[in-house]
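To start, the structure itself, in structure tokens.
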Amino acid sequence: MDLVRFDADGASVLHSISVGRFPTEIDGPHGLALDPSGERWYVTLAHGNPFGAVVAYSTATNRPEGSASLGMFPASIEVTGAGLLFAANFDLHGDHVPGSVSVVDVGGMIEVARIQTCTMPHGSRLTSDGTRHYSVCMMDEMLVELDAHRLEVSRRLLLAPGHERVWPATGSSHPPMAGPAAALCGPTWAQPSVDGRRVYVACNRNAEVLEVDVETWQIRRRFQTGPGPYNLAVTPDGETLIATYKGGQATGVWDLATGVESARVESSRRLPHGIAVSPDSRFAFISVEGIGGEPGTVDVVDIDAGERVGSVDVGRQAGGIAFWKVEPA
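The following block contains the structure:
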């Protein structure tokens, strides 16, 4: 893991921290999140023996302070102010069976629930008040809402074009699909709006972002994007949607009031992945995986100007990214 600083001199790597538990295995980090207190950061280890894990580190020392076992291939994570961490168990390998979201009490680093959702869940995000959790399932074409207090599925929504409808909260997660395979959303991310009234979903297969109205539980708007939208973020001021286009080597900047893409910023390398936005809604920090033996990269995008204003190389296959803090000049 790399700690990156961005200031008037550009972007630079301050520290590199070794993570992982099994030197003889591919024990790769994937998801990354900061505790709301700023005292800890958390990383999922996407491969395990046999399961994955989440490890807590001190932001003061960058040393581990505890861990918890999760499901197969845990990916995206986020932490509530009440101290619950939600991790989507992506289960990339093996049979396509219903997956789950793990819930961890970060005080004791104990998994307190593992909630079955649907096949290959990804994009674990919470509303700002911490009451609802959203994720999507790539192989079941679903958006899933969890009640973050009851720790249970509250609603599910089918997203495949021509098949959009409410799906029962419990029961089968394998809806019957008709038509060609191209008529699929292939959802990879779910991002609630700042006020919690909308959820934005990245449809990786058909180059769309869907805006779902939470009250009616229906798709309200569709944004035609660059190829392969993958991760999403909404700026803290609620005005702008940021989308990485994994198939297009670019990041899209969308005005949510008009539904217009105001800028498309080319990435420094192929496969842009994660997004973190500064608290003042001014900068977006984009992790770029790179290909082959290339290093990963963190690109810095000036959101208002719609241009890349900094880049720095980090470890290979850069994925999860999170914003820590703003320091006085």
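Mapping of the sequence shown onto my numbering: position 329 corresponds to residue 330, and the numbering continues sequentially without gaps.
Yeah, the Cβ is synthetic: ideal placement off N, Cα and C, and Gly gets one too.
Since the structure is predicted, the reported quantities are computational estimates derived from the model, not experimental observations.
Note on geometry: alpha-carbon atoms of Val137 and Asp196 lie some 20 Å from one another. If you draw a 10 Å sphere on the C-beta of Glu209, you find 16 or more other C-beta atoms in it, and that means buried. The bridge partners DSSP lists for Asp3 are Ser17. Non-local beta-carbon contacts of His97 in its own chain, meaning distances under 6 Å to residues more than five positions away in sequence, involve Thr120 and Met140 in chain order. In the displayed model, Gln192 falls within a strand according to three-state DSSP. Here the C-alpha atom of Gly187 lies approximately 16 Å from the C-alpha atom of His274. Beyond the five residues adjoining it in sequence on each side, Leu46 comes within less than 8 Å, by CB distance, of Val20, Gly21, Arg22, Asp28, Gly29, Pro30, His31, Gly53, Ala54, Val55, Val56 and Pro75 in the same chain, given in chain order.
The alpha helix (DSSP H) runs of length 4 or more contained entirely in the stretch 19 to 84 do not exist; there are none. With three or more CB-CB distances shorter than 8 Å, the stretch 70 to 87 counts as touching the stretch 111 to 125. Contact between Leu147 and Arg133 holds: CB atoms are separated by about 7 Å, below the 8 Å threshold. The continuous stretches of beta strand (DSSP E) do not include His150, and DSSP gives it neither H nor E. Excluding sequence positions up to five before and after Asp303, its CB lies within less than 6 Å of the CB of Val310, all in the same chain and listed in chain order. Straight-line spacing of the CA atoms in Val154 and Arg199 works out to 18 Å. Remark: C-beta atoms of Gly316 and Ser13 do not approach each other more closely than 9 Å. If you compare the alpha carbons of Gly253, Gln250, Ala149 and Tyr58 with that of Asp130, the shortest gap goes to Ala149.
In the structure shown, the three-state DSSP call for Pro280 is coil. By the neighbour-count definition (other C-beta atoms within 10 Å, threshold 16), Val167 is an exposed residue. With a beta-carbon spacing of about 15 Å, Arg265 and Val289 fall beyond the 8 Å limit used to define contacts.
In the DSSP secondary-structure assignment, Asn90 is bridged to Pro75 and Ser101.
A Cβ-Cβ separation of about 6 Å places Ser279 in contact with Phe324 under the 8 Å criterion.
Selection Asp256, Asn90 and Leu159 evaluated against Trp218 yields Leu159 as nearest (Cα-Cα). Of all alpha-carbon atoms in Ala88, Ser312 and Leu233, the one lying nearest the alpha-carbon of Lys247 is that of Leu233. Excluding the 5 residues flanking it on each side, Ile78 has same chain C-beta neighbours closer than 7 Å at Gly32, Ala34, Tyr43, Thr45, Val55, Leu86, Phe87, Ala88 and Ser125, in chain order. Ile287 sits close to Asp300, with the two beta carbons spaced by under 9 Å.
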